[in-house]
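Chains X and A supply the protein sequences, listed in that same order. Read in our numbering, the first sequence has 108 at position 108, and its numbers run on one by one without any break. Heads up: take any position in the second sequence, counting from 1, add 1000, and you land on our numbering. Beta carbons are placed, not taken as given, at the ideal position from N, Cα and C, and that holds for glycine. Okay, structure first, notes after.
Number of protein chains: 2
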Amino acid sequence: MTCRVLIAEDHVVVRQGLKALLEREKFEVVAEASDGREATRMTRELVPDVAILDLAMPQLNGIDATRAIRESCPQVRTIALTMYAEDQYVLAALQAGFRGYVLKSQAASHLVRAIQEVCRGEIYLSPAVSRVVVDAYLGRKSLPENPLTQREREVLQLVAEGKTTKEIAHTLGISAKTAESHRARIMRKLEIHDTAGLVRYAIRRGVIQA
Amino acid sequence: MTCRVLIAEDHVVVRQGLKALLEREKFEVVAEASDGREATRMTRELVPDVAILDLAMPQLNGIDATRAIRESCPQVRTIALTMYAEDQYVLAALQAGFRGYVLKSQAASHLVRAIQEVCRGEIYLSPAVSRVVVDAYLGRKSLPENPLTQREREVLQLVAEGKTTKEIAHTLGISAKTAESHRARIMRKLEIHDTAGLVRYAIRRGVIQA
DNA sequence: TCCCATTGCCGGGTTTTACCGGATTGTCTG
DNA sequence: CAGACAATCCGGTAAAACCCGGCAATGGGA
């Protein structure tokens, strides 16, 4: 079976690299798009079997592009190709109708496999993200944005600003031990186990600026 | 002329895509690295003609990797491959000794051209970044002085990535005590006295991404 | 040539973090 | 009302981070 593929990815070098790779694997790359809007338009015109979409694209992101594609061409299956493994992206992608989710940090063979499976009507998830989905199912919770409570976010911010536990306790008018528990619970929830990780998380989430 | 190339890029799919692309163009890809440290080690072992380095890599970023490469293998020419067109990255890259600077948003032909030029001893800049360089020359715009030494920046990056002192020592092949003194010296120089502050500094300076 | 910056190493100290337990109160919701 | 969860507090331990000295080899620049 020859599988007709569309690639949407804003970095041209990367996109052409993917194309070379897929062609070597005997897929037929029928179109390349630089942004989500172009991707939806080309999909309508050419109706590929599979559309591979980067999530981070100008004009229209991959999530919304898939929603658009599912409306106009429901028979076209889409695969997300991204560097993000965080649950908010994964769950949002699945809700939008992606049939595959592949991390850029995985080997190319994963992408090849994903295309084959999705083309056959199956679902393909990168191993690292399967866990996220199972967790979400078991918890019956599509974690909204932020699993942290108000109080925990306050503590997170102060930690990320470089305050010691003692200073945090003083600022919030609680005991040092309590501040410590908050910090510990934050770490458990986020599965981050060092201060540096908390700081990076806080910056990514916009809790503080670098 | 066959050009022996090393590719360093942390996202495996992207890296393998680039490899497929370059091999189609008859370059010989002699090595692939997932981080800057691996890239410098492989460069020493295999001495390629050209090393293509992503700027954003774990363990050791592309800028510092090029510095290291220029010390141990000055005959190896390096090309930066990145999504960043901001002057701080471009100028820092040139100061570090990169002979080529290609944006991921450019067509693959630019990368091919860059490899050919650089291999021949020339300099290659993506059109969009040439402007930055000329501006900097005309305006005598230079980067804010970075008070840290190469070694200190390496330690800083690892600290900001959440590595413990012991892990840093192991990574760099030095004693834990030495790693500790580096960290202490960094803190004294920058007048930053906590990990969180170091992480924010590292992100501001582009040593790591959030 | 002499000096200084850099890098690496060591001892010995205090403070803070990270992780392990457990407990109480109030609120909101099914 | 029961159960879940948020927020608070507490004790203990081992590891790590932080801070203070000093010392030695190196190699390049004044």
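- Using beta-carbon distances, X/Q16 counts as an interface residue toward chain A, with a partner under 8 Å.
- Cβ atoms of X/L53 and X/M83 stay farther apart than 8 Å, at about 13 Å.
- In this structure A/V1005 touches A/I1115 by the C-beta definition: roughly 7 Å separates them, less than 8 Å.
- CA-to-CA, the gap between A/E1023 and A/V1029 works out to about 7 Å.
- When secondary structure is reduced to three states using DSSP, A/A1176 falls in the helix class.
- Sequence-distant Cβ neighbours of A/R1044 in its own chain, meaning closer than 7 Å and more than five residues away, are S1072 and C1073.
- Under the 10 Å beta carbon count, A/N1061 is surrounded by 16 or more other beta carbons and is classified as buried.
- Along the stretch 182 to 197 of chain X, going in chain order, the ones with a CB nearer than 9 Å to a CB of chain A are I192, H193, D194, T195, A196 and G197.
- The distance from the Cβ of A/L1172 to that of X/Q16 is about 37 Å, inconsistent with a contact at the 8 Å cut-off.
- With a threshold of 8 Å between beta carbons, A/H1170 makes no contact with chain X.
- The beta carbon of X/L94 does not come within 8 Å of any beta carbon belonging to chain A, so the residue lies off that interface.
- Of all residues in the stretch 86 to 112 of chain X, only V102, L103, K104, S105, Q106, A107, A108, S109, H110 and L111 come within less than 9 Å of chain A when Cβ atoms are compared, listed by chain position.
- In the structure shown, the three-state DSSP call for A/A1080 is strand.
- When DSSP assignments are scanned along the stretch 1045 to 1108 of chain A, the uninterrupted stretches of beta strand (DSSP E) that are 3 or more residues long and fall wholly within it turn out to be 1050 to 1054, 1077 to 1082 and 1100 to 1103.
- Taken in chain order, the members of the stretch 151 to 176 of chain X whose beta-carbon sits within less than 7 Å of a beta-carbon on chain A are V159, A160, E161 and G162.
- With respect to the C-alpha of A/V1159, the residue from A/T1195, A/S1130, A/I1007 and A/H1170 having the closest C-alpha is A/T1195.
- In the DSSP assignment, A/L1148 falls outside any beta strand (DSSP E) and carries neither an H nor an E.
- Taking the Cβ atoms as the reference, X/I203 lies roughly 4 Å from A/A1210, within the contact range of under 8 Å.
- For A/R1200, the residues of chain X that pass the 9 Å Cβ criterion are A160, E161, G162, V199, I203, I208, Q209 and A210, in the order they occur in the chain.
- Chain A places no beta carbon closer than 8 Å to that of X/R41, leaving this residue out of the contacts.
- For X/E23, the secondary structure class from DSSP, reduced to helix, strand or coil, is helix.
- For X/D10, at least one C-beta of chain A is nearer than 8 Å to its own C-beta.
- Residue X/R153 holds the alpha-carbon nearest to the alpha-carbon of X/I208 among X/R153, X/I186 and X/E117.
- From the beta-carbon of A/M1083, the residues of chain X found nearer than 7 Å are H11.
- Within 7 Å of the CB of A/L1021, the CB atoms of chain X belong to Q16, G17 and A20, in sequence order along the chain.
- Take A/A1128, set aside five residues on each side of it, and the residues of its chain with a beta-carbon closer than 7 Å to its own are A1085 and L1103, in chain order.
- Contact check for X/V76 against X/C119 fails: the beta carbons are separated by 8 Å or more.
- Looking from the CA of A/R1151, the closest CA among A/R1183, A/E1025 and A/D1035 belongs to A/R1183.
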